[in-house]
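**Q**
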Amino acid sequence: MNVPLLDRRLLLVTGKGGTGKTSVTAALALLASQRDKRVLACEVDAKGNLADFYETSRLGFGPRQVQPGLFAMSMSTEESLQEYLRLQLHLPAIARIGPLARAFDFVATAAPGVREILTVGKLAYEARERHYELVVADSSASGHVIGQLVAPRAIDELVKVGPIHDQTGWMLDVLGDPAITGLVIVTTPEEMPVNETIELVARVRNETDVDLAAIVVNRVLPELFSRADEDVFERLREPAMAAAVAGACAPGQRETDGGDPLDATASVFEAARLAVTLRRTRAGHLDRLRQAVPPEVPLLFVPYLFTRGHGLRTTAQTAEALSAELGY
Amino acid sequence: LSPARRPSARAGSFEQLLAAKEIVICCGAGGVGKTTVAAAAAAMASLSLGGSVLVLTIDPARRLADALGLEALGNNETRVSAEVLKRAGVDHPRGQLWAAMLDTKQSWDDLVRRHAPDARTAARILENPLYQNVSGRFVQSHEYIAMERLYELHQSGRYDLIVVDTPPTRNAIDFLAAPDRMADFFSSRLLRWITGPGRSRVVNLATRPFYQVADRLLGSQFLGDIAEFFLLFQTMYPGFIERATAVKRLLHDRRTTFVVVTTLEAAPVREAEFFLAALADQKFHIGALILNKVLPAYLIDPEAARVAEHLASAAAEVAAVPDLAGAGTPAGVERVLKEVGESFANFEVVAKREAELRTELATAADVVVSVPSFETDIFDVSGLLRLGRAIWGA
Numbered sequence: 026m027n028v029p030l031l032d033r034r035l036l037l038v039t040g041k042g043g044t045g046k047t048s049v050t051a052a053l054a055l056l057a058s059q060r061d062k063r064v065l066a067c068e069v070d071a072k073g074n075l076a077d078f079y080e081t082s083r084l085g086f087g088p089r090q091v092q093p094g095l096f097a098m099s100m101s102t103e104e105s106l107q108e109y110l111r112l113q114l115h116l117p118a119i120a121r122i123g124p125l126a127r128a129f130d131f132v133a134t135a136a137p138g139v140r141e142i143l144t145v146g147k148l149a150y151e152a153r154e155r156h157y158e159l160v161v162a163d164s165s166a167s168g169h170v171i172g173q174l175v176a177p178r179a180i181d182e183l184v185k186v187g188p189i190h191d192q193t194g195w196m197l198d199v200l201g202d203p204a205i206t207g208l209v210i211v212t213t214p215e216e217m218p219v220n221e222t223i224e225l226v227a228r229v230r231n232e233t234d235v236d237l238a239a240i241v242v243n244r245v246l247p248e249l250f251s252r253a254d255e256d257v258f259e260r261l262r263e264p265a266m267a268a269a270v271a272g273a274c275a276p277g278q279r280e281t282d283g284g285d286p287l288d289a290t291a292s293v294f295e296a297a298r299l300a301v302t303l304r305r306t307r308a309g310h311l312d313r314l315r316q317a318v319p320p321e322v323p324l325l326f327v328p329y330l331f332t333r334g335h336g337l338r339t340t341a342q343t344a345e346a347l348s349a350e351l352g353y
Numbered sequence: 240l241s242p243a244r245r246p247s248a249r250a251g252s253f254e255q256l257l258a259a260k261e262i263v264i265c266c267g268a269g270g271v272g273k274t275t276v277a278a279a280a281a282a283m284a285s286l287s288l289g290g291s292v293l294v295l296t297i298d299p300a301r302r303l304a305d306a307l308g309l310e311a312l313g314n315n316e317t318r319v320s321a322e323v324l325k326r327a328g329v330d331h332p333r334g335q336l337w338a339a340m341l342d343t344k345q346s347w348d349d350l351v352r353r354h355a356p357d358a359r360t361a362a363r364i365l366e367n368p369l370y371q372n373v374s375g376r377f378v379q380s381h382e383y384i385a386m387e388r389l390y391e392l393h394q395s396g397r398y399d400l401i402v403v404d405t406p407p408t409r410n411a412i413d414f415l416a417a418p419d420r421m422a423d424f425f426s427s428r429l430l431r432w433i434t435g436p437g438r439s440r441v442v443n444l445a446t447r448p449f450y451q452v453a454d455r456l457l458g459s460q461f462l463g464d465i466a467e468f469f470l471l472f473q474t475m476y477p478g479f480i481e482r483a484t485a486v487k488r489l490l491h492d493r494r495t496t497f498v499v500v501t502t503l504e505a506a507p508v509r510e511a512e513f514f515l516a517a518l519a520d521q522k523f524h525i526g527a528l529i530l531n532k533v534l535p536a537y538l539i540d541p542e543a544a545r546v547a548e549h550l551a552s553a554a555a556e557v558a559a560v561p562d563l564a565g566a567g568t569p570a571g572v573e574r575v576l577k578e579v580g581e582s583f584a585n586f587e588v589v590a591k592r593e594a595e596l597r598t599e600l601a602t603a604a605d606v607v608v609s610v611p612s613f614e615t616d617i618f619d620v621s622g623l624l625r626l627g628r629a630i631w632g633a
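Here the protein sequences come in this chain order: A and B. Every letter in the first sequence is one number past the one before it in the working numbering, and letter 45, counting from 1, is 70. Every letter in the second sequence is one number past the one before it in the working numbering, and letter 216, counting from 1, is 455.
#1: Figure out for me which residue from Val-226(A), Ala-176(A) and Ala-76(A) has the closest Cα to the Cα of Pro-212(A).
#2: Rounded to a whole number of angstroms, what is the C-alpha to C-alpha distance between Lys-41(A) and Ala-271(A)?
#3: Under the rule that 16 or more other beta-carbon atoms within 10 Å means buried, what is Gln-394(B), buried or exposed?
#4: Select from the stretch 506-536 of chain B all residues with a C-beta closer than 9 Å to any C-beta belonging to chain A, and list them in chain order.
#5: Please classify Tyr-353(A): is it buried, with 16 or more other beta-carbons within 10 angstroms of its beta-carbon, or exposed?
#6: Could you say which of Leu-307(B), Gly-289(B) and Arg-592(B) lies nearest to Leu-295(B) if we only look at CA atoms?
#7: Which runs of the alpha helix (DSSP H) spanning at least 4 residues fall entirely within the stretch 281-349 of chain A, listed in chain order?
#8: Here's the rule I'm using: 16 or more other beta-carbon atoms within 10 Å means buried, otherwise exposed. How should Ala-558(B) be labelled?
#9: If contacts are defined as beta-carbon pairs under 8 Å, then Ala-344(A) and Ala-166(A) qualify, I think. What distance do you get, rounded to the angstrom?
#10: Please report the Cβ distance between Leu-249(A) and Ser-582(B), rounded to the nearest whole angstrom; I am assuming they are in contact, meaning their Cβ atoms lie under 8 Å.
#11: Is the separation between the beta-carbon of Val-572(B) and that of Ala-273(A) shorter than 8 Å?
#12: Might you give, ordered along the chain, the residues of its own chain that have their beta carbon closer than 6 Å to the beta carbon of Ser-348(A), omitting 5 neighbours on each side?
#13: Would you call Lys-147(A) buried or exposed, if buried means 16 or more other Cβ atoms sit within 10 Å of its Cβ?
#14: How should Asp-312(A) be labelled, buried or exposed, when 16 other C-beta atoms within 10 angstroms of its C-beta is the threshold for buried?
#15: Kindly indicate the opening and closing residues of the alpha helix (DSSP H) around Ile-480(B).
#16: Just to check my reading of the structure: Ile-630(B) and Ala-300(B) have Cβ atoms closer than 8 Å, yes? What is that Cβ distance to the nearest angstrom?
#17: List the residues of chain A that His-549(B) touches, going by C-beta distances under 9 Å, in chain order.
#18: From the DSSP secondary-structure annotation, give me the bridge partner or partners of Pro-177(A).
#19: In chain order, what are the residue ranges of uninterrupted alpha helix (DSSP H) at least 4 long that sit wholly in the stretch 329-372 of chain B?
#20: Am I right that Leu-208(A) and Asp-236(A) are in contact with their C-beta atoms under 8 Å? What's the rounded C-beta distance?
#21: Using only CA atoms, which one of Gly-526(B), Met-475(B) and Ser-285(B) lies nearest to Arg-352(B)?
#22: Quick one: does Ala-227(A) have its CB under 8 Å from some CB of chain B?
#23: Along the stretch 311-337 of chain A, what residues have a CB closer than 8 Å to any CB found in chain B?
#24: Mind pulling the chain A residues with CB within less than 7 Å of Leu-538(B)?
#25: Rounded to whole angstroms, what is the Cα-Cα separation between Gly-580(B) and Ala-554(B)?
#26: Tell me, please, which residues DSSP counts as bridged to Ser-609(B).
#27: Helix or strand or just coil, what does DSSP make of Ser-436(A)?
#28: Starting from Gly-40(A), follow the beta strand (DSSP E) in both directions and report where the run begins and ends.
#29: So if I threshold CB-CB distances at 7 Å, which residues from the stretch 612-630 of chain B count as touching chain A?
#30: Can you name the residues that DSSP bridges to Cys-67(A)?
#31: Measuring CB to CB, does Thr-405(B) end up less than 8 Å from Ile-297(B)?
#32: Could you pull out every residue in the same chain whose Cβ sits closer than 7 Å to the Cβ of Val-533(B), ignoring the five residues on either side in sequence?
#33: Using a Cβ-Cβ cut-off of 7 Å (strictly less than) and excluding sequence neighbours within five positions of Thr-281(A), which residues of its own chain qualify?
#34: Quick one: is Arg-592(B) near chain A, going by C-beta distance under 8 Å?
#35: Under the three-state reduction of DSSP, which class applies to Gly-571(B): helix, strand or coil?
#36: Please determine, among Leu-471(B), Gly-567(B), Ala-536(B) and Leu-600(B), the residue with the shortest C-alpha to C-alpha distance to Pro-507(B).
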């Protein structure tokens with residue numbers, strides 16, 4: 026039985042670059058906060074632009090309230106390490122020793138999973154400590170997210186003893202519990218994002234214990250016509266009909282007045298035809314996605330937003346669309 | 240179309256750029272169509288400029304890889320067959336089109352075999368669990384290896400032109416720094432401090448505070464594994480540094496140019512601007528800026544907008560025109576016309592946003608090419624050529 030998306034405590038949002046991962050993260054967190062949850066939105070990439078989606082200033086490692094009940098932060102592995110040393114190992118002084126930062130950088134570059142575990146560890150820690158009812162993370166892109174999800178296990182295998190080894194156990198518990206943690210994959214109905222999503226779904230199943238909570242299909246183009254109306258549309262595009270439409274739209278206008286109403290009307294029809302074709306091409310990829318994804322994984326559709334820019338307003342629109350999809 | 244029948248490629252054109260350079264590096268944010276643009280540019284160059292042209296792709300869509308005959312995977316270069324080109328309507332290509340895919344793991348393994356002092360050391364490195372992780376997952380290693388492979392292919396002298404796609408990174412600039420970072424990494428004082436001279440250093444370290452902390456955190460076995468790995472890697476140091484320096488030099492070479500690809504959406508444009516600034520800052524050659532998947536210009540035609548507005552607001556009135564009776568029921572015609580008008584207005588908003596960003600980017604490079612948004616996916620050679628002709632500005 027699938028745990029309702031916003032009833033989990035940790036949502037890791039991933040997806041191919043350019044699909045709107047950050048926008049969906051921002052919207053999910055906003056939606057949860059609107060539903061009276063205390064929420065933390067976290068961007069894993071320190072160079073990300075989560076702040077733009079809330080129209081707030083640059084985010085730091087320390088969470089800051091950006092909307093009522095909604096806090097936001099930006100991940101920093103170094104600060105996460107310092108916090109870890111301070112809270113878990115009670116090593117406050119050591120954390121400030123200069124060479125340690127260099128040594129850390131060195132070990133983190135060499136030893137796989139060190140950076141990842143500090144990231145995923147921090148997220149799991151926040152979920153475990155219940156400082157927030159829900160943590161939504163704008164995670165790494167699909168190419169790297171598996172490395173992040175398997176980091177605790179990889180470390181568990183590499184580091185056989187010591188406090189780090191002891192720490193990985195509870196992380197695995199948090200990440201592997203579908204009542205707590207869910208992965209959300211963001212995609213668009215285009216060839217490459219759909220391919221990557223299908224591959225990622227398989228890898229998540231085979232290589233990790235993390236539950237795939239939902240797939241968000243972003244930027245879905247609207248369907249303009251029903252089948253019957255499409256026939257009407259085709260007939261209207263025929264030259265004689267199009268000329269009649271042009272005449273009705275620009276009564277009395279001649280070519281000398283400037284633009285050619287016939288051309289203008291043709292452009293308007295052409296734009297509609299383009300919209301229909303684009304949607305149709307994408308529908309094929311959507312079908313492929315639906316067939317490849319296990320039926321119990323919900324697909325949530327977010328429409329293409331024909332807006333001037335993005336900011337809090339579009340984040341709210343995305344949240345509204347997700348809300349409807351989640352049946353709220 | 241062949242250059243032989245024309246005086247020369249248009250000055251300042253993308254075609255001229257490709258005719259003059261040996262290496263073209265396509266970069267940009269994820270999802271902007273870098274891979275397809277790189278393949279299309281290579282295809283056009285091979286057909287109309289001639290010579291042996293190779294496209295080195297990082298992560299092509301399966302269908303495109305299949306179309307280029309890359310299903311065999313691996314690091315080997317494959318020539319796109321005459322058969323495939325013929326099916327795309329090309330009977331007499333001037334040159335040869337080759338394609339290769341980057342296999343990160345295999346490239347790393349090759350690198351180790353090349354730089355290790357002897358076969359035994361190479362084997363020990365290849366077996367080391369940390370190496371397996373570094374070569375397979377270490378993100379920057381992917382970026383470095385792409386440039387390293389490019390260097391190797393260029394050195395082979397087999398190709399007149401190599402067009403390379405870059406790995407999808409959050410920050411496209413990362414791969415430029417990769418050779419430096421690799422060199423830094425291998426020459427870091429810390430690495431030498433831990434690994435040399437003499438292996439006993441690792442043991443001696445036990446008396447130092449760093450080791451005590453590290454031991455407490457990671458356990459001495461893990462630390463021992465790391466030390467072993469670096470001791471082995473250290474043996475490759477001289478060859479490796481030399482190579483990283485050569486790779487860096489090649490990227491700065493006059494024969495190399497960078498092509499930044501972007502769509503006209505806010506985030507990719509921001510990244511493209513950042514990237515262009517970084518390239519200029521580090522004195523790399525910026526050859527062209529390609530604006531991909533641009534919506535058609537008629538969407539910002541004010542006359543069309545006026546017609547669309549009329550359809551959206553007065554659809555019933557237009558639908559009542561007797562000449563339209565044959566199209567459908569008045570209600571159906573009204574519904575369709577209203578929808579057509581509203582849809583135009585929707586796309587107009589996006590097209591205007593794009594036009595604005597295009598204006599901002601207009602002076603970003605000497606060659607700025609707009610490529611239209613194709614309605615269907617590009618998954619075969621004829622699709623690539625359609626895109627290629629658009630890039631050529633034909």
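Glycine residues also receive a C-beta, built at the ideal position from the N, C-alpha and C atoms.
**A** Reading from the atomic positions:
#1: One-based indexing of the first sequence puts residue 212(A) at position 187. Correcting the residue identity first, residue 212(A) is Thr in this sequence and not Pro. Checked all of Val-226(A), Ala-176(A) and Ala-76(A); the closest Cα to Thr-212(A) is Val-226(A).
#2: For the purposes of this step, residue 41(A) is taken as residue 16 along the first sequence, with counting starting at 1. For the purposes of this step, residue 271(A) is taken as residue 246 along the first sequence, with counting starting at 1. C-alpha separation (whole angstroms): 43 Å.
#3: Along the second sequence, read from residue 1 onward, the residue named residue 394(B) stands at position 155. Gln-394(B) should be labelled exposed.
#4: Within the stretch 506-536 of chain B, the qualifying residues are Ala-506, Pro-507, Arg-509, Leu-534 and Pro-535.
#5: Within the first sequence, numbered from 1, the residue matching residue 353(A) stands at position 328. Classification for Tyr-353(A): exposed.
#6: Here residue 295(B) is taken as the residue at index 56 of the second sequence, counted from 1. Ranking Leu-307(B), Gly-289(B) and Arg-592(B) by Cα distance to Leu-295(B) puts Leu-307(B) first.
#7: Uninterrupted alpha helix (DSSP H) stretches at least 4 residues long and entirely within the stretch 281-349 of chain A occur at 286-317, given in chain order.
#8: On the second sequence, position 319 is the one that residue 558(B) refers to. The residue in question, Ala-558(B), is buried, as its Cβ has 16 or more Cβ neighbours within 10 Å.
#9: Translated into the one-based positions of the first sequence, residue 344(A) becomes position 319. Translated into the one-based positions of the first sequence, residue 166(A) becomes position 141. Contact annotation, Ala-344(A) with Ala-166(A): C-beta distance approximately 22 Å; criterion of less than 8 Å not satisfied.
#10: Within the first sequence, the letter at position 224 stands for residue 249(A). Within the second sequence, the letter at position 343 stands for residue 582(B). Rounded to whole angstroms, the Cβ separation of Leu-249(A) and Ser-582(B) is 6 Å, and the two are in contact under 8 Å.
#11: For this step, residue 572(B) is matched to residue 333 along the second sequence. For this step, residue 273(A) is matched to residue 248 along the first sequence. The criterion of a C-beta distance shorter than 8 Å is not satisfied by Val-572(B) and Ala-273(A).
#12: Counting from 1 along the first sequence, the entry for residue 348(A) is found at position 323. Excluding its 5 nearest sequence neighbours in each direction, Ser-348(A) has C-beta neighbours in its own chain below 6 Å: Leu-56, listed in chain order.
#13: Residue numbering aside, residue 147(A) sits at position 122 when the first sequence is read from its first letter. Classification of Lys-147(A): buried, given that the 10 Å Cβ count is 16 or more.
#14: If you number the first sequence from 1, residue 312(A) lands on position 287. Exposed, by the Cβ-count rule.
#15: Taking the first residue of the second sequence as position 1, residue 480(B) is located at position 241. Its alpha helix (DSSP H) spans residues 476-491.
#16: Counted from its first residue, the second sequence places residue 630(B) at position 391. Counted from its first residue, the second sequence places residue 300(B) at position 61. In fact, because the Cβ distance is near 18 Å, the residues do not count as touching under 8 Å.
#17: Counting from one through the second sequence, the residue named residue 549(B) turns up at place 310. In chain order: Ala-273, Cys-274 and Ala-275.
#18: Here residue 177(A) is taken as the residue at index 152 of the first sequence, counted from 1. In the DSSP output, where bridge partners are listed per residue, Pro-177(A) has none listed.
#19: Counting only runs of 4 or more, we get 343-354 and 358-366.
#20: Along the first sequence, one-based indexing puts residue 208(A) at 183. Along the first sequence, one-based indexing puts residue 236(A) at 211. Going by Cβ atoms, the distance from Leu-208(A) to Asp-236(A) rounds to 7 Å, so yes, they are a contact pair.
#21: As a first step, residue 352(B) must be located in the second sequence, where it is residue number 113. Looking from the CA of Arg-352(B), the closest CA among Gly-526(B), Met-475(B) and Ser-285(B) belongs to Met-475(B).
#22: Indexing the first sequence from 1 puts residue 227(A) at position 202. With a threshold of 8 Å between beta carbons, Ala-227(A) makes no contact with chain B.
#23: Closer than 8 Å at the C-beta level to chain B, one finds these residues of the stretch 311-337 of chain A: Phe-331, Thr-332, Arg-333, Gly-334 and His-335.
#24: Residue mapping note: residue 538(B) aligns to position 299 of the second sequence, counting from 1. Chain order gives the chain A residues near Leu-538(B) as Ala-296, where near means a beta carbon separation below 7 Å.
#25: Within the second sequence, residue 580(B) is the residue found at index 341, counting from 1. Within the second sequence, residue 554(B) is the residue found at index 315, counting from 1. Gly-580(B) and Ala-554(B) have their C-alpha atoms roughly 9 Å apart.
#26: As a working note, residue 609(B) is residue 370 in the second sequence. Looking at the DSSP assignment, Ser-609(B) forms a beta bridge with Leu-530(B).
#27: Because chain A here runs from 26 to 353, residue 436(A) falls outside it and cannot be looked at.
#28: Here residue 40(A) refers to the residue found at position 15 when the first sequence is read from its first residue. From DSSP, the beta strand (DSSP E) with Gly-40(A) extends over 35-40.
#29: Using a CB distance below 7 Å, the part of the stretch 612-630 of chain B facing chain A consists of Glu-614, Thr-615 and Asp-616, ordered along the chain.
#30: The count along the first sequence starts at 1 and reaches residue 67(A) at position 42. According to DSSP, Cys-67(A) bridges with Met-98(A) and Ala-162(A).
#31: Residue numbering aside, residue 405(B) sits at position 166 when the second sequence is read from its first letter. Residue numbering aside, residue 297(B) sits at position 58 when the second sequence is read from its first letter. Contact: yes.
#32: Within the second sequence, the letter at position 294 stands for residue 533(B). Result list for Val-533(B): Leu-503, Glu-593, Ser-609, Val-610, Pro-611 and Ser-612, in chain order.
#33: The residue given as residue 281(A) occupies position 256 in the first sequence. Because Thr-281(A) sits at a pLDDT of 46, beneath the cut-off of 50, its placement in the model cannot be relied upon, and the point is left open.
#34: Numbered from 1 along the second sequence, position 353 holds the residue referred to as residue 592(B). At least one chain A Cβ lies under 8 Å of Arg-592(B).
#35: Here residue 571(B) is taken as the residue at index 332 of the second sequence, counted from 1. Gly-571(B) sits in a helix when the DSSP states are folded into three classes.
#36: The residue given as residue 507(B) occupies position 268 in the second sequence. Put simply, of Leu-471(B), Gly-567(B), Ala-536(B) and Leu-600(B) the residue whose alpha carbon is nearest the alpha carbon of Pro-507(B) is Leu-600(B).
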